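Below: the structure, in structure tokens.
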Amino acid sequence: MRTTVEHVAGELARAGCKVKDHGAQLPDLGAAHEGFVKTMMTIVSRGTPGAKPPISSHEWLGLLDRRQLLRQQWHELFQDFDIVLAPALGVAAFEHMEEVDWKARRLIVDGQATPFAAQLFWAGIATFPGLPATVAPAGRTSTGLPIGVQLIGPYLEDRTSIAVARWIETLAAA
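Each residue of the sequence shown is one higher than the last, beginning at 108 in the working numbering.
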């Protein structure tokens, strides 16, 4: 996926965009993932009959505080950048999995079998702080499956990520 993201970044640069690799300036993506998973598990458990709340109300309020802190960190980043380009997943699209137990599902990432749930990381970095993210087509695998890149935009600026995704799709088609 790194190669695909770098390719799209190069295409954007050739099209006249100012592109910089500033991973060090990104907010704490690990904290975003942890908050996303806790939030998701809390929401999912709410609809599960007989389930006990996975976190207390105080922990929930702490999650909201962490979300706001991350949102502020992203806001500061977006003072210098219009969009953040990231993988949509750690892998290209994959064929449907028949495994019913999603905890037993595995994907091959960089030659290693990894838990399917690890792919939630990529969704969580934008979802937990409530940022808009759009996936744009960025190519195909040797077997014809699509590869996408994620475009993360500033809070409440959904049209920014959508516009850049359209532009990337146009560049990819050219």
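Don't be surprised by glycine CBs; every beta carbon is placed ideally from N, CA and C.
Keep in mind the model is a prediction, meaning the values are calculated, not measured.
Nearest-angstrom Cα separation, counted from Leu133 out to Ala225: As a working mapping, residue 225 is identified with position 118 in the sequence shown. As a working mapping, residue 133 is identified with position 26 in the sequence shown. The alpha-carbon atoms of Ala225 and Leu133 are separated by roughly 20 Å.
Option nearest Val70 by Cα separation, candidates Ala270, Asp135, Gly130, Leu171: Here the chain has residues from 108 to 281 only, and residue 70 is not among them.
Same chain, Cβ closer than 6 Å to Val191, neighbours up to 5 away in sequence not counted: Position 84 of the sequence shown, counted from the start, is the residue given in the question as residue 191. Counting only Cβ-Cβ distances below 6 Å, and skipping sequence neighbours, we find Ile259.
DSSP state of Gly142 mapped onto helix, strand, coil: Taking the sequence shown and counting its residues from 1, the one referred to as residue 142 is at position 35. In the three-state reduction of the DSSP assignment, Gly142 falls in the helix class.
Check whether Ser268 and Pro239 have beta carbons under 8 Å apart: The residue you call residue 268 lines up with position 161 of the sequence shown. The residue you call residue 239 lines up with position 132 of the sequence shown. The answer is yes: Cβ separation under 8 Å.
Where the alpha helix (DSSP H) through Ala280 begins and ends: Here the question's residue 280 lines up with position 173 in the sequence shown. Run containing Ala280: 265-280, per the alpha helix (DSSP H) assignment.
First through last residue of the beta strand (DSSP E) which encompasses Thr241: Walking along the sequence shown from the start, residue 241 turns up at place 134. From DSSP, the beta strand (DSSP E) with Thr241 extends over 240-247.
Segment contact, 8 Å Cβ cut-off, at least three pairs: the region 152-172 with the region 208-223: Under the 8 Å Cβ criterion, the region 152-172 does not count as touching the region 208-223, having fewer than three qualifying pairs.
Neighbourhood of Met204 by C-beta distance below 7 Å, restricted to the same chain and skipping five residues each side: As a first step, residue 204 is located in the sequence shown; it is residue number 97 there, counting from the start. Excluding residues within five positions, the ones whose Cβ falls inside 7 Å are Arg212.
Best match in Leu252, Tyr262, Gln179, Gln219 for proximity to Asp135 [C-alpha to C-alpha]: Counted from its first residue, the sequence shown places residue 135 at position 28. Considering only alpha carbons, the answer is Gln179.
Three-way DSSP call (helix, strand, coil) for Ile259 in this model: Indexing the sequence shown from 1 puts residue 259 at position 152. Secondary structure at Ile259: strand, using DSSP grouped into helix, strand and coil.
8 Å Cβ cutoff met for Trp229 and Ala199: On the sequence shown, residue 229 is found 122 positions in, with the first residue counted as 1. On the sequence shown, residue 199 is found 92 positions in, with the first residue counted as 1. Trp229 is not a Cβ neighbour of Ala199, given a cutoff of 8 Å.
Reduced DSSP secondary structure (H/G/I, E/B, other) of Gln332: A question about residue 332 goes unanswered here, because the residues of the chain that appear run from 108 up to 281.
Alpha-carbon spacing of Leu171 relative to Phe235, whole angstroms: For this step, residue 171 is matched to residue 64 along the sequence shown. For this step, residue 235 is matched to residue 128 along the sequence shown. Straight-line Cα distance between these residues: approximately 9 Å.
Where Val151 falls, given that 16 or more other Cβ within 10 Å makes a residue buried: Position 44 of the sequence shown, counted from the start, is the residue given in the question as residue 151. Around the Cβ of Val151, a 10 Å sphere holds fewer than 16 other Cβ atoms; the residue is exposed.
Alpha helix (DSSP H) runs wholly inside the region 153-228, at least 4 long, in chain order: The region 153-228 contains these whole alpha helix (DSSP H) runs: 164-184.
Pairwise C-alpha distance: Leu227 and Gly246: Here residue 246 refers to the residue found at position 139 when the sequence shown is read from its first residue. Here residue 227 refers to the residue found at position 120 when the sequence shown is read from its first residue. Between the C-alpha atoms of Gly246 and Leu227 there is a straight-line separation of about 21 Å.
Buried versus exposed call for Pro156 [16 or more other C-beta atoms within 10 Å across all chains shown]: Start at 1 with the first residue of the sequence shown, and residue 156 comes out as number 49. Looking at its Cβ environment, which holds fewer than 16 other Cβ atoms inside 10 Å, Pro156 is exposed.
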